[in-house]
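These notes are about the structure you will find just below.
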C-alpha cells in the first residue's frame, strides 16, 4: 500500500509503523531482544541503520543477520495487510513509547512493542482490568 492510497496516513507514519512491524517480526530477535536493542540504539530506524557488528554486540549473530537483511516479500505482504487493516476507522496501532501507550503496560517486564487496537483508542488511558492465563 502506498501513501497515495492511504491519504489519511502520512508517509512518515507509514515508515514509522513499518519499522516497528519489521522489528517485531525480525527472526530470532523477540520482545526481549527488541528491548535490548531499543535501549542501545533508541529507535527501530536506528537499529536498522546499525551495522552487523554493532547489532551482534547486543543480540545473537543470527538475530543481527536477520536485522541486516532487507525486508522480505512476506514481510511486505504483512505490512500491506496491516496498513489495510488500519484503514478501518475503529482500528489503530500504538507503538511502545507513543503517548497513547498505556503507562501501566509500559512498565511491565518486556512490554509488547505494538498494540493492535480495535475499538475506542481513548479507553487506553482509563483504568482497566486484564485477565491473562494459559492452559
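In the working numbering, the protein residues as written are 127 to 261.
C-beta atoms are modelled at their ideal positions from N, C-alpha and C, and glycine is treated no differently.
Rounded to whole angstroms, how far is the Cβ of residue i from the Cβ of residue j, which I believe are closer than 8 Å?
| i | j | result |
| --- | --- | --- |
| residue 221 | residue 240 | 6 Å |
| residue 186 | residue 154 | 6 Å |
| residue 264 | residue 250 | Given that the chain is displayed from residue 127 to residue 261, the structure contains no residue 264 and the question cannot be resolved. |
Which one or two residues does DSSP pair with residue i in a beta bridge?
| i | result |
| --- | --- |
| residue 208 | DSSP, once it has assigned bridges, lists no residue as partnering residue 208. |
| residue 158 | DSSP, once it has assigned bridges, lists no residue as partnering residue 158. |
| residue 243 | 218 |
Please say whether residue j and residue i have beta carbons closer to each other than 7 Å?
| i | j | result |
| --- | --- | --- |
| residue 268 | residue 149 | Because the chain spans 127 through 261 in this model, residue 268 falls outside it and cannot be assessed. |
| residue 164 | residue 205 | no |
| residue 244 | residue 216 | yes |
| residue 231 | residue 225 | no |
| residue 262 | residue 167 | In this structure the chain extends from 127 to 261, so residue 262 is not present and cannot be described. |
| residue 181 | residue 190 | yes |
| residue 242 | residue 212 | no |
Would you say residue i touches the ligand MG, meaning its beta carbon is less than 6 Å from a heavy atom?
| i | result |
| --- | --- |
| residue 239 | The ligand MG is absent from the structure shown, which contains no ligands of any kind. |
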